[in-house]
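Below is one structure, written out as structure tokens, with a few remarks after it.
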Amino acid sequence: VIIETLADLGYLYDASIVPSWSYTTLKQAFRALGRPEYREFLVAQELACAGAPRLPYPIGPDRLFAARPDAALLEIPLTTVGPLQFPFIHGLTTRLPDAGRRLMERSALRRPFFSLAFHDFEFADKGDLGSLPVSDMTRPHLDVSIDARLARLSALVVRVKRTHTIVTMRDVAVQQTQS
Numbered sequence: 002v003i004i005e006t007l008a009d010l011g012y013l014y015d016a017s018i019v020p021s022w023s024y025t026t027l028k029q030a031f032r033a034l035g036r037p038e039y040r041e042f043l044v045a046q047e048l049a050c051a052g053a054p055r056l057p058y059p060i061g062p063d064r065l066f067a068a069r070p071d072a073a074l075l076e077i078p079l080t081t082v083g084p085l086q087f088p089f090i091h092g093l094t095t096r097l098p099d100a101g102r103r104l105m106e107r108s109a110l111r112r113p114f115f116s117l118a119f120h121d122f123e124f125a126d127k128g129d130l131g132s133l134p135v136s137d138m139t140r141p142h143l144d145v146s147i148d149a150r151l152a153r154l155s156a157l158v159v160r161v162k163r164t165h166t167i168v169t170m171r172d173v174a175v176q177q178t179q180s
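Taking the numbering used here, the leading residue of the sequence shown gets 2, the next gets one more, and so forth.
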């Protein structure tokens, strides 16, 4: 329904597919075994997502994980790395040991195209939450100061710019529809 609605509203792209069996399995486990709040907001994709294309592809509501050449909407899948299909989400990669993070970055930077995702709490400070409770999911973001998180992100941007041009997802969608 979401893909169809985005296309009907004239959007150029969607960026919600994470082609990762491990990330999907982890989310399913948290929904099944985690605390009640996880069941409310964690949405796991089907395991078939692991077979989705790794590069942007036209997506239709009836074929989420395969290219549909006649579709008007472009899917820009999140980059995943290695046999675990570990998602290139900044907040996850920064939790890895240094060697794991460097491996993730090198693997992603070898590709001509990659996308990097962010969680909203990567840009929040503890004070931004006021009296809202901090869950196990958000605590790792907030345990590191916003200044340290932004410094890490800035350093990543510098490394990426050595070999790639940084563009918006909209730019990717426009370029793909013109070619």
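Ideal placement from N, C-alpha and C gives every residue a C-beta, glycine not left out.
In terms of Cα proximity to Ile18, the closest of Arg36, Thr164, Asp71 and Leu117 is Leu117. Leu75: not part of any alpha helix (DSSP H); member of the beta strand (DSSP E) spanning Leu74 to Glu76, first to last residue. DSSP, read as helix, strand or coil, puts Ala67 in coil.
No Cβ-Cβ contact shorter than 7 Å links Leu79 with Ile60.
Note that the segment 90-103 touches the segment 141-156; at least 3 beta-carbon pairs, one per stretch, sit closer than 8 Å. Scanning the segment 15-42 from its first residue to its last, the whole alpha helix (DSSP H) runs of 4-plus residues come out as 22-34 and 37-42. One alpha carbon belongs to Gln176, the other to Arg107, and they sit about 25 Å apart.
For Gly11, the three-state secondary structure derived from DSSP is coil.
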